[in-house]
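There are 2 protein chains.
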Amino acid sequence: MSLSDGQRSTGVVAPADHVSLRRHNLAVVLRHIRDAGPRSRARIAADTGLNKATVSSLVAELVDRGLLREAESERGAVGRPGQLVELDGRRVCGVGAELNVEYLAVTALDLTGEVIIESRIPFDAAHLGADATFDRLAGLIEQAVAAIGLRGGQTVGVTLAVPGLVQSAAGILALAPNLGWESVDIVRAMTERLQEPTYHVSVDNEANLGALAAYAEFAAADPAAVRDLVLLTGAVGVGGGVVAGGQLQRGGHGFSGEVGHLPVAPAGGRCGCGRTGCWETVVGLTALLDKATDPDDPVRDVSLDVEQRLAEITRRAEAGDERTLAALADVGTWLGLGGAIVVNILNPDVLVLGGYFGALGPWLTAPLEEAIRDRVIAPDGGGCRVVCSGLGFTAAVRGGAQISLDSVFDDPTQVPTQVGASA
Amino acid sequence: MSLSDGQRSTGVVAPADHVSLRRHNLAVVLRHIRDAGPRSRARIAADTGLNKATVSSLVAELVDRGLLREAESERGAVGRPGQLVELDGRRVCGVGAELNVEYLAVTALDLTGEVIIESRIPFDAAHLGADATFDRLAGLIEQAVAAIGLRGGQTVGVTLAVPGLVQSAAGILALAPNLGWESVDIVRAMTERLQEPTYHVSVDNEANLGALAAYAEFAAADPAAVRDLVLLTGAVGVGGGVVAGGQLQRGGHGFSGEVGHLPVAPAGGRCGCGRTGCWETVVGLTALLDKATDPDDPVRDVSLDVEQRLAEITRRAEAGDERTLAALADVGTWLGLGGAIVVNILNPDVLVLGGYFGALGPWLTAPLEEAIRDRVIAPDGGGCRVVCSGLGFTAAVRGGAQISLDSVFDDPTQVPTQVGASA
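Which chain is which? The protein sequence lines are W and A, in order. Going by our numbering, the first residue of the first sequence is number 17, and it counts up by one from there. Going by our numbering, the first residue of the second sequence is number 17, and it counts up by one from there.
Structural data, given as structure tokens:
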């Protein structure tokens, strides 16, 4: 998946000349090894239809740029026809950094998708304010960039994930109802704090980035079976991310997937956005906690990590606590009502539950599946499967780190060749 | 826009070799002239980045295949550097054929997008049954194909538009609640009646095809400004078609855009699908007519053309008839409630009103715009504009004809070179 879907076409379909052909084919080989795994030059030629001499030349250049290497297992047989080549994770890393209502998080991935650094701290951004939040987040990012540098790598980009409406091209967080923030020039604020970074800094909605990570999680094994995916992610707010036709779809102005404020509970409560009956008033984490706990319950303590708090809810549900189970059943019913709307409109191959929905999936999946069966007009729920993400609250930062690496997969020539490099 | 988005990727990104490079560049030139209009070889070279000798060779081949010609205005100066080339409409045509609840329709477009034949007849398919419907529709298609042949053209494809859930790859109409049909092998039934056609026959949902036509209608002038579009089309049922990122999005199993059964009126009436409160029970044409007219009103006579009947409603609204205006105001309010849901999820650049919604747009647009402003969480309704299609009830057949021509724009080499052809 590439970032280019977020950019506007000029209306002219790009033609191919011989320079762009070489760059295109470098990208084809690099992405093919990412998607299909280590393989020999002969196999790459067979898979892609490129001739063997071309593949050898392309692989040599990608090795020279530090993006591929001879596979570990067969060192000493370099150049042998059956020798496998694989992604080289040492040269470049991408970083995702999330600012959410109750926590900050950073993840760095190398080119192979391996997690190099991952951290999350409880943080009450709404009360501590934007400046303090940006300072703390910049500190976490600098730690990650420094750690990447220490292992000889280069940070190619940092993507910020935020729980609100984003104008990506302008780098603006337009509106975050659950933070009470509006029109925040977040890329500029962060770039200033990061002191003239050599890497690109961008911002996107956390559910969009989470959807990218979920797409990697569920489509990697069989891209032909999963091309359309919706992520529903539950935290204090509820976010949606849409992948259609194998591409992240941000909508015309970057505001797609705003499911948290669908009017599913007309008789419901007042929402942070000022409206009544929004979906997140009945399925957001606060709604669950209001139903399941008393105000002084330690499970509501935002100074604890959210996954610890959810582990306690899980423990209570597993122990058969009636109040907890009733609250989960109620949330499940409302989740189904809104979920069926999303499935009717988008007909995803998979509906992915992320954030707290994923963590409490054992209690939420069944009522959601039932609602999809009953309320989706297409036969058999349109073939949509409900799955739980295993990424917990790391989906957005992983998606951010992935998208930071996309520019390398789109144009490997942007990474300079290494002086005196050897495989 | 290409049909290929409906096909599943193998996961291997296509590499470019020199044969596919030539085919790719033929398609680049042909589509560029379609999208940007007649222009000189020098201008094509400048626009696309291809070199001038290559462009001359590509244009010569496309002329030889009967797809381009020297522009009319400057005949006699063939080959002069400033000579314009344009699409040649004489060689190939695409056909769209619609089967809807109250009518049958056929349109043929030539390669330039010009309408060659357009017909629509009132037809009560639900009562007359599938066999009689297919016989009549096949007759209309054969007339169109014969007319194309008489002007020396070739029919490259017929796309059937139907008001229901379609399994495109299998050629099956899975479910059409408003016809009472289920699991109909429509492509086979039509192919049999068309007696071994030399052209390709396929089927798609009418709102999907209408969305393609609406995309051509509203994105042609400025493709960079409109990449995300939703068509809401009102007839007896209500359909939705989704274009995102410049591509028609059919969803994972071809069932996207099923907005007619969104649960927007929980206290509402029984729907043809068996559920209660579906959107089309409050905004479908029957809902409008139930509110605006008595049972014996001639405006309900399905043996009259639907556009004549809507003209009569328009006349009454313009004359200030209170019952008509109250019915339109009520439909407008409900249209806004569901429309805001669609806009929150998809954030289109434009929300297009088609079918009867478009015809009665002067009374429906304002309440819809108001609902989008009030109920969409993104600032300023997410930048979504509400527009009325000028295509009336021809959107689906036009989209079908366009998609039938797409294969030529994707691979011009499928049209054989002409023996003794001259520009």
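The C-beta atom is built at its ideal place from N, Cα and C for all residues, glycine as well.
Practice task
Note down, in chain order, every chain C residue with its Cβ under 7 Å from the Cβ of I188 (chain W).
Solution key: Given the protein chain composition of this structure (W and A), no chain C is represented.
Exercise for the section: Using a cut-off of 9 Å between C-beta atoms, extract the partners of D365 (chain A) located in chain W. Expected result: G267, G268 and H269, listed in chain order.
Handout entry: Residues that H216 (chain W) contacts on chain A, provided the C-beta gap is smaller than 7 Å
Key = Residues of chain A whose Cβ lies closer than 7 Å to the Cβ of H216 (chain W) do not exist, since the nearest Cβ in that chain is about 22 Å away.
Exercise for the section: Give the DSSP-derived three-state secondary structure of Q23 (chain A) in the structure shown. Expected result: Reliability of the predicted coordinates at Q23 (chain A) is poor, the pLDDT of 34 falling under 50, and the value obtained from them is presented with this limitation in mind. The answer is coil: DSSP assigns Q23 (chain A) none of H, G, I, E or B.
Problem - Beta-carbon spacing of A375 (chain A), G112 (chain A) below 8 Å - result: Cβ atoms of A375 (chain A) and G112 (chain A): not closer than 8 Å.
Practice task
Check whether the Cβ atoms of V108 (chain A) and V431 (chain A) sit closer than 8 Å, and answer yes or no.
Solution key: Less than 8 Å separates the beta-carbon of V108 (chain A) from that of V431 (chain A).
Exercise for the section: Would you mind giving the Cβ-Cβ distance between H269 (chain W) and G398 (chain A), rounded to the nearest angstrom? I have them listed as a contact below 8 Å. Expected result: That pair is a contact at about 5 Å.
Handout entry: Terminal residues of the alpha helix (DSSP H) in which L421 (chain W) lies
Key = Per DSSP, the unbroken alpha helix (DSSP H) holding L421 (chain W) starts and ends at A411 to D426.
Exercise for the section: Tell me the start and end of each unbroken alpha helix (DSSP H) in the stretch 292–330 of chain A that is at least 4 residues and wholly inside, in chain order. Expected result: For the stretch 292–330 of chain A, the continuous alpha helix (DSSP H) assignments of 4+ residues that do not extend past its boundaries occur at 296–299 and 301–308, in sequence order.
Practice task
Tell me where the alpha helix (DSSP H) around L125 (chain A) begins and ends.
Solution key: From DSSP, L125 (chain A) is part of no alpha helix (DSSP H) but of the beta strand (DSSP E) over Y119 to D126.
Problem - Opening and closing residue of the beta strand (DSSP E) in which G257 (chain W) lies - result: That run of the beta strand (DSSP E) goes V254 to A260.
Handout entry: Nearest candidate by alpha-carbon position, reference N360 (chain A), set A:D427, A:A343, A:A62 and A:D390
Key = With distances taken between Cα atoms, N360 (chain A) lies closest to A:D390.
Exercise for the section: Spell out whether any CB of chain W is found under 8 Å from the CB atom of D244 (chain A). Expected result: Closer than 8 Å to the CB of D244 (chain A) there is at least one CB belonging to chain W.
Practice task
Enumerate in chain order the residues of its own chain whose CB-to-CB distance from L74 (chain A) is below 7 Å, with the five nearest sequence positions on each side excluded.
Solution key: Apart from the 5 residues on each side of it in sequence, L74 (chain A) sits with its Cβ closer than 7 Å to the Cβ of N41, L42 and V45 in its chain, given in chain order.
Problem - Cα-Cα separation between R91 (chain W) and R59 (chain W), rounded to whole angstroms - result: For R91 (chain W), the predicted model reports a pLDDT of 48, less than 50, meaning its position is unreliable; a value from the coordinates is still stated below. Straight-line Cα distance between these residues: approximately 18 Å.
Handout entry: Chain-order list of residues whose beta-carbon lies under 7 Å from that of V242 (chain W) (same chain, five-residue window excluded)
Key = So the qualifying residues of the chain are F234, A235, D365 and V366.
Problem - Short-range partners of chain W found in the stretch 353–364 of chain A, where Cβ spacing is below 8 Å - result: Listed by position along the chain: L353, A356, I357, V358, N360, I361, L362, N363 and P364.
Exercise for the section: Enumerate in chain order the residues of its own chain whose CB-to-CB distance from A154 (chain W) is below 7 Å, with the five nearest sequence positions on each side excluded. Expected result: Once the five neighbours on either side are set aside, the close Cβ partners of A154 (chain W) are M206, R209 and L210.
Problem - C-alpha distance - S56 (chain A) paired with V79 (chain A), whole-angstrom precision - result: Spanning the two alpha carbons is a distance of roughly 14 Å.
Problem - Where V275 (chain W) meets chain A, residues with beta-carbon distance less than 8 Å - result: Neighbours of V275 (chain W) on chain A, chain order: N360 and I361.
Practice task
Measure from the C-beta of R391 (chain W) to each C-beta in chain A and report whether the shortest distance is under 8 Å.
Solution key: Put simply, the CB of R391 (chain W) is near chain A, with a gap under 8 Å to one of its CB atoms.
Practice task
For the stretch 336–343 of chain A and the stretch 279–290 of chain A, state whether three or more C-beta atom pairs, one from each stretch, are separated by less than 8 Å.
Solution key: They do not touch, by the three-pair rule.
Exercise for the section: From the DSSP output, in three-state form, read off L210 (chain A) for me. Expected result: Coil, per DSSP.
Handout entry: Opening and closing residue of the beta strand (DSSP E) in which R159 (chain A) lies
Key = Inspection of the sequence shows that residue 159 (chain A) is occupied by Gln rather than by Arg. Where Q159 (chain A) is concerned, there is no enclosing beta strand (DSSP E), although the alpha helix (DSSP H) it sits in stretches over A141 to L166.
Exercise for the section: Rounded to whole angstroms, what's the CA-CA distance from L115 (chain A) to R106 (chain A)? Just pull it up for me. Expected result: Straight-line Cα distance between these residues: approximately 27 Å.
Handout entry: Nearest candidate by alpha-carbon position, reference P179 (chain W), set W:L247, W:V252, W:A283 and W:L264
Key = Closest by alpha carbon: W:V252.
Practice task
Would you list the residues sitting across from H216 (chain A) in a DSSP beta bridge?
Solution key: In the DSSP output, where bridge partners are listed per residue, H216 (chain A) has A:G173.
Practice task
Compute the Euclidean distance between the alpha carbons of S199 (chain A) and L191 (chain A), then round it to the nearest angstrom.
Solution key: It is roughly 6 Å from the alpha-carbon of S199 (chain A) to the alpha-carbon of L191 (chain A).
Practice task
Would you mind working out which of A:P213, A:A232, A:A223 and A:P239 sits nearest L248 (chain A), comparing C-alpha positions?
Solution key: Selected option, being the one with the closest Cα: A:A223.
Handout entry: Contacts around T309 (chain A), its chain only, beta-carbon distance under 7 Å, and the 5 residues preceding and following it disregarded
Key = Answer for T309 (chain A): V315 and R316, listed in chain order.
Exercise for the section: Closer than 8 Å by beta-carbon distance: list the chain W residues that pair up with A394 (chain A), in chain order. Expected result: Under a criterion of Cβ atoms nearer than 8 Å, the residues of chain W adjacent to A394 (chain A) are, in order, L181, A190, L191, H269, F271 and E274.
Exercise for the section: Could you list which residues in chain W have their beta carbon closer than 7 Å to that of A260 (chain A), in chain order? Expected result: Per Cβ cutoff of 7 Å: A260 and Q265.
Practice task
Note down, in chain order, each residue of its chain lying with its Cβ closer than 8 Å to the Cβ of H34 (chain A), except the 5 sequence neighbours on either side.
Solution key: Answer for H34 (chain A): no residue qualifies.
Practice task
Name, in chain order, the residues that DSSP records as bridge partners for S56 (chain W).
Solution key: Answer is W:L100, bridged to S56 (chain W).
Exercise for the section: Could you give the DSSP three-state label for V431 (chain W): helix, strand or coil? Expected result: V431 (chain W) falls in the coil class under three-state DSSP.
Handout entry: CB contact check: C289 (chain A) to chain W, cutoff 8 Å
Key = Taking Cβ atoms only, chain W reaches closer than 8 Å to C289 (chain A), which makes this a yes.
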